[in-house]
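K.L.:
Just so it is clear: in the sequence shown, position 138 is 138 by the UniProt record's numbering, and no numbers are missing.
Beta carbons: idealized from backbone N, C-alpha and C, even for Gly.
No experiment lies behind these values; they were computed from the predicted model shown.
To start, I am sharing the structure in question, which I have written as structure tokens.
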Amino acid sequence: MVKTYRHESILGFFKGMSFPIASIAVVNSVLFGVYSNALLALTATSHHERRLQPPSYTHVFIAGCTGGFLQAYCLAPFDLIKVRLQNQTEPRARQGGPPPRYRGPVHCAASIFQEEGPRGLFRGAWALTLRDTPTLGIYFVSYEWLCRQATPGGQNPSSTTVLVAGGFAGITSWVTATPLDVIKSRMQMAGLEQREYQGLLDCMVSSARQEGLGVFFRGLTINSARAFPVNAVTFLSYEYLLHLWG
Ligand SMILES: CN(C)C(=N)NCCC[C@H](N)C(=O)O
């Protein structure tokens, strides 16, 4: 944090923010929409009936994995642009200095498209899919499990329960997702750094050889600290909207 602040001022912390904001509504709609509908198809019970007839954890896991798989493809281009902008560490255009590589998200998307082709926008998508498919299954199972532990049978979880369960579900999923998150980000940066990996496994092996196994947990603390409030609010909004419109 200190280094980022010194090098890039307070603006450094907001790098690559506009794209995640634009994408989050779409990505979360796909995730929660697919999850709810997959659960409906698997259990044939509506959201309201689910408190009396709770779905099995296997069904919750399958529905979560399906949502994770499909959301990964919507997320891939937005995530790539975020990673590229966040890794661009030159301070903002200094007088006389070289201009930054990417001038903003639109310029970043256009440059990737021109230099790396349309498939370039999906660089790392495979690693992202591998990261999100099982970890979103774990995400929804953790949430359901925590809600059920804290709620008497047949009742709806309180707002506090939803907030706490959502927060811990976010942390659990990020703990399991961090190793693949590290690999995904490295593969996304590879096109820019003119460094090619032979594939996911090659990236894993060469990262571990050069930096040790600790590399797979880089960013875990900050991911977890971020995950609690983000996912507490996400689940509270989800439950509230289902209650309102369901
Ligand atoms: C890759 N992983 C762990 C997840 N996508 N986990 C679910 C949390 C999603 C939420 N939008 C977030 O960014 O925390």
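Residues in the same chain with beta-carbon distance under 6 Å from residue 247, minus the five sequence neighbours each way, listed in chain order, please.
P.N.:
Beyond the ends of the chain as shown, which are 1 and 246, falls residue 247; an answer cannot be given.
K.L.:
Report the residue from V175, Y57 and M17 whose alpha carbon sits nearest the alpha carbon of A227.
P.N.:
The shortest C-alpha separation from A227 is found at V175.
K.L.:
Quick check: does the Cβ of S173 come within less than 7 Å of any heavy atom belonging to ligand 2?
P.N.:
As presented, the structure is devoid of ligand 2, carrying ligand 1 as its sole ligands.
K.L.:
Classify S224 as helix, strand or coil using the three-state DSSP reduction.
P.N.:
Helix, per DSSP.
K.L.:
Please name the residue, chosen from A127, G154, V164 and S173, that lies closest to D202 on a Cα-to-Cα basis.
P.N.:
Nearest C-alpha to D202: A127.
K.L.:
Counting C-beta neighbours from all protein chains within 10 Å, is the total for L80 16 or more, i.e. buried, or is it exposed?
P.N.:
So L80 counts as buried.
K.L.:
Go ahead and label R209 buried or exposed: buried means 16 or more other beta carbons lie within 10 angstroms of its beta carbon, across all protein chains shown.
P.N.:
So R209 ends up on the exposed side.
K.L.:
Would you list, in sequence order, the uninterrupted alpha helix (DSSP H) runs of no fewer than 4 residues that lie entirely inside the UniProt repeat "Solcar" (55-149)?
P.N.:
Complete alpha helix (DSSP H) runs here, min 4: 57-86 and 105-116.
K.L.:
Within 10 angstroms of its Cβ, does H243 collect 16 or more other Cβ (buried), or is it exposed?
P.N.:
It is exposed - the Cβ of H243 has fewer than 16 other Cβ atoms within 10 Å.
K.L.:
Assign H243 to one of three DSSP states: helix, strand, or coil.
P.N.:
Three-state result, H243: helix.
K.L.:
In three-state terms, what does DSSP make of L163?
P.N.:
Three-state DSSP puts L163 in a helix.
K.L.:
With M204 as the anchor, note down where its alpha helix (DSSP H) starts and where it stops.
P.N.:
It spans L200 to E211 - the alpha helix (DSSP H) in which M204 sits, taken as one unbroken run.
K.L.:
With distance defined between alpha-carbon atoms, name the residue in A76, L70 and G219 nearest to F118.
P.N.:
Just to set this straight, residue 118 is Pro in the shown sequence, not Phe. When each option's Cα is compared against that of P118, the closest is A76.
K.L.:
At what residues does the alpha helix (DSSP H) containing K3 begin and finish?
P.N.:
Residues V2 to E8.
K.L.:
Leaving out five residues on either side along the sequence, give the residues of the same chain with a beta carbon under 6 Å from the beta carbon of A150.
P.N.:
Excluding residues within five positions, the ones whose Cβ falls inside 6 Å are T161.
K.L.:
For C108, tell me which candidate among L70, Q88 and A125 has the shortest Cα-Cα distance.
P.N.:
Ranking L70, Q88 and A125 by Cα distance to C108 puts Q88 first.
K.L.:
Tell me the DSSP secondary structure of N28 in three-state form.
P.N.:
Reduced to three states, the DSSP call for N28 is helix.
K.L.:
Rounded C-beta distance between T178 and I138? I'm assuming under 8 Å.
P.N.:
That belief does not hold up - the Cβ atoms of T178 and I138 are roughly 13 Å apart, past 8 Å.
K.L.:
What I want to know is whether the C-beta of L136 ends up closer than 7 Å to one or more non-hydrogen atoms of ligand 1.
P.N.:
Within the cutoff, so yes.
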